[in-house]
Amino acid sequence: MRSFKHQQRFPHSADHVLKQYCDPRFLASRHGALGHQDVAVLEHSAEGARLRVRLSFMQVTQAGLPAFARRLVKKRTQILQSLEWNHRQRRGRIVIDARGVPMKVEGELRLSDCAGGCVASVAWEVHCPLPLVGPRIESLAQEMMLRMAEQDQAVTARLLAQGAEAAPRPA
1 MRSFKHQQRF
11 PHSADHVLKQ
21 YCDPRFLASR
31 HGALGHQDVA
41 VLEHSAEGAR
51 LRVRLSFMQV
61 TQAGLPAFAR
71 RLVKKRTQIL
81 QSLEWNHRQR
91 RGRIVIDARG
101 VPMKVEGELR
111 LSDCAGGCVA
121 SVAWEVHCPL
131 PLVGPRIESL
141 AQEMMLRMAE
151 QDQAVTARLL
161 AQGAEAAPRP
171 A
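Take 1 as the starting number for the sequence shown in the UniProt record's numbering and just add one per residue.
Next comes the structure, spelled out in structure tokens:
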């Protein structure tokens with residue numbers, strides 16, 4: 001299993017960012033802007049301080065993968081993403097299921113205020129149970145996730161700045 005952390009900073013309060021992170025329109029816009037296709041909000045439910053959002057989207061995944069990994073991953077992969085947030089604690093959990101890929105991806109989410117805005121932190125765990133190639137696949141997944149996080153930082157900052165009000169409603 002490979003564990004790593006990532007942080008993003010935004011010039012907005014943690015409460016504002018969390019509100020957007022839990023808005024289906026914002027999430028659909030964010031994933032669309034990241035190049036994901038067929039984005040659908042499958043569930044959006046709240047109970048007390050807890051909120052749950054489930055998304056589905058298609059992601060092109062083979063760019064930059066070595067030959068051994070391309071045999072395991074389709075060119076387009078359906079991703080099911082589950083997010084659970086506790087508003088009071090500003091903490092959450094993300095689970096990513098890449099359909100047909102023998103890998104488990106989970107993360108602990110945290111939003112905290114800081115000078116000039118907030119920090120969004122994720123403590124990731126990636127596990128591929130395949131013998132011999134599992135650690136290499138975990139390493140590739142980490143590299144890919146960190147590259148995507150840079151793009152996500154820019155997209156999320158732009159959407160936070162302009163607001164998600166003009167975003168199309170998810171199907």
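Using N, Cα and C, we set each Cβ at its ideal position, and we do this for glycine too.
Model, not experiment: these values are computed from the prediction.
One question on the structure: do residue i and residue j come within less than 7 Å of each other, judged by their Cβ atoms?
i      : j      : result
Ala33  : Arg90  : no
Met1   : His87  : no
Glu138 : Ala123 : no
Arg30  : Leu111 : no
Gly117 : Phe26  : no
Give me, in chain order, the residues of the same chain whose beta-carbon lies closer than 6 Å to that of residue i; leave out the 5 immediate sequence neighbours on both sides.
i      : result
Pro168 : Reliability fails at Pro168, whose pLDDT of 35 lies under 50, so the model's placement of it is uncertain and no value is given.
What is the rounded straight-line gap between the Cα of residue i and the Cα of residue j?
i      : j      : result
Asp152 : Pro131 : 32 Å
Ala28  : Arg136 : 31 Å
His12  : Ala161 : 9 Å
Lys19  : Leu140 : 32 Å
Thr156 : Val133 : 33 Å
Trp85  : Arg50  : 6 Å
Ala46  : Arg52  : 6 Å
Gln7   : Ala149 : 9 Å
Gly98  : Arg54  : According to the sequence shown, residue 98 is Ala rather than Gly. When rounded, the distance between both Cα atoms is 13 Å.
Ser3   : Gly48  : 31 Å
When DSSP labels each residue in this structure, what does residue i get in the three-state scheme?
i      : result
His127 : strand
Leu132 : coil
Met103 : coil
Lys5   : strand
Arg93  : strand
Near residue i, which residues of its chain fall below 8 Å by C-beta distance, leaving aside the five closest residues on each side in sequence?
i     : result
Arg76 : Gln37, Met58, Gln59, Val60, Thr61
Could you please give the first and the last residue of the uninterrupted beta strand (DSSP E) stretch that includes residue i?
i     : result
Leu51 : 50-60
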